[in-house]
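A.B. asks: Under our numbering, the first residue of the sequence shown is numbered 76, with each subsequent residue one higher.
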Amino acid sequence: MRINAVIGATALALAATVLTACGGGNSSSSASGGGYCDELKADKTYFDSLSGSNSDVSNLDTVFQKVHELAADAPDNVSDDWQTLDGAISTIEDALQSAGLKASDLAALQKGQIPKGVDVSKLQALAPKLQALSSSNVSDAADRIAADAKKTCDVDLTAN
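1) Assign A163 to one of three DSSP states: helix, strand, or coil.
2) Exposed or buried, E168, counting other C-beta atoms within 10 Å across all chains shown (16 or more means buried)?
3) Would you say H143 faces chain D, with C-beta separation under 7 angstroms as the test?
4) Just the Cα atoms here: how many angstroms apart are Y111 and A174?
5) Tell whether a beta-carbon distance below 7 angstroms holds between A163 and V230.
6) Please say whether T159 and A221 have beta carbons closer to each other than 7 angstroms?
7) Which stretch, first to last residue, makes up the alpha helix (DSSP H) that contains K116?
8) Under 6 angstroms Cβ to Cβ from C228, same chain only, skipping five residues before and after it: list those, please.
9) DSSP on P150, reduced to helix/strand/coil?
10) Tell me whether V153 is buried or exposed, calling it buried when 16 or more other Cβ atoms sit within 10 Å of its Cβ.
11) Look up G100 in the DSSP assignment and say whether it is helix, strand or coil.
12) For S211, count neighbouring C-beta atoms within 10 Å of its own C-beta (all shown protein chains included) and say buried if the count is 16 or more, exposed if not.
13) Specify, as a first and last residue, the run of the alpha helix (DSSP H) that I220 falls within.
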């Protein structure tokens, strides 16, 4: 079923876009540093694994958890942006769960394989939900996070 590959690709593309903080907006955020910056530097490898043509969805569950942790630990100047990003990730997780999918199932979906126990009707309803997340407020938040990460933590989230 072609829709499965489309949904898998859509979910992965959306997650990659959201998590790699595409673009490089300009932020006048002030310093935070410390634990948050160390955490961001350590987690960048996971975010990078989702970008490019050879993206690795096997880390997606870990990446989602890293986003939740960063959202909880984010300094005040980017806290709202991380909450926006975290909300988008939570929506992706909820949509996947509703369809009976785990993030790790997306690789099979990209190949057109339906994992056991997946509700096909809910799977077909997944793509519009995921596409709705590509709003400007999510991408703007990601841009601000990326700009602040570069300025405050010397971490370039836009480069692999």
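No residue lacks a Cβ here, since even glycine has one placed at the ideal position from N, Cα and C.
C.D. replies: According to the structure data:
1) For the purposes of this step, residue 163 is taken as residue 88 along the sequence shown, with counting starting at 1. If DSSP states are grouped into helix, strand and coil, A163 belongs with the helices.
2) As a position in the sequence shown, residue 168 is number 93, starting the count at 1. Only buried fits E168, as 16 or more other CB atoms lie within 10 angstroms of its CB.
3) The structure shown has no chain D; it contains just one protein chain.
4) Within the sequence shown, the letter at position 36 stands for residue 111. Within the sequence shown, the letter at position 99 stands for residue 174. Whole-angstrom Cα-Cα distance: 34 angstroms.
5) Numbered from 1 along the sequence shown, position 88 holds the residue referred to as residue 163. Numbered from 1 along the sequence shown, position 155 holds the residue referred to as residue 230. Cβ distance not < 7 angstroms, so A163 and V230 don't count as in contact.
6) Position 146 of the sequence shown, counted from the start, is the residue given in the question as residue 221. Position 84 of the sequence shown, counted from the start, is the residue given in the question as residue 159. Contact: no.
7) Position 41 of the sequence shown holds residue 116. Segment 110-123, the alpha helix (DSSP H) holding K116.
8) Here the question's residue 228 lines up with position 153 in the sequence shown. By the criterion of a C-beta distance shorter than 6 angstroms, C228 is surrounded in its chain by C112, L115, once the five residues flanking it on both sides are discounted.
9) Position 75 of the sequence shown, counting from 1, holds the residue named residue 150. Here P150 sits in coil by DSSP.
10) Position 78 of the sequence shown, counted from the start, is the residue given in the question as residue 153. If you draw a 10 Å sphere on the C-beta of V153, you find 16 or more other C-beta atoms in it, and that means buried.
11) As a position in the sequence shown, residue 100 is number 25, starting the count at 1. Summary for G100: the model assigns pLDDT 33, below 50, so the residue's position carries little reliability, and this model does not support an answer.
12) Here residue 211 refers to the residue found at position 136 when the sequence shown is read from its first residue. Exposed, by the Cβ-count rule.
13) Along the sequence shown, one-based indexing puts residue 220 at 145. Residues 211-228.
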